[in-house]
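**Student:** Okay, handing you the structure first.
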């Protein structure tokens, strides 16, 4: 699963004046799951990120953090 850009999700939601439950309802996500995404305790599927992006008015690619490079075996 992709790593969500939790700071951008939270900042954009707050900028719009939405409570967490409002964005969760708009994006059809359980409020607790969205709270866990925003706090860094959960990841999100591509589908969830796409729904959040649609409601936040952002390109979905902005809600994903780049994958960490694989570590070389030593």
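In our numbering, the protein residues as written are 1 to 74.
Where a beta carbon is used, it is the ideal one built from N, C-alpha and C, also for glycine.
Just so it is clear, the structure is predicted and the values come from calculations on it, not from any experiment.
Cutting at 7 Å between CB atoms, please list the residues of its own chain near residue 37, excluding the five before and the five after it.
**Tutor:** Around residue 37: 4, 6, 9 and 44.
**Student:** Assuming residue 35 contacts residue 51 (C-beta within less than 8 Å), just tell me the rounded distance between them.
**Tutor:** The Cβ separation is near 16 Å, so there is no contact.
**Student:** Report buried or exposed for residue 55, applying the criterion of at least 16 other Cβ atoms within 10 angstroms of its Cβ.
**Tutor:** It counts as buried.
**Student:** In or out: residue 53 buried (at least 16 other Cβ within 10 Å) or exposed?
**Tutor:** Its Cβ being crowded by 16 or more others within 10 Å, residue 53 is buried.
**Student:** According to DSSP, which residues form a beta bridge with residue 3?
**Tutor:** Looking at the DSSP assignment, residue 3 forms a beta bridge with 65.
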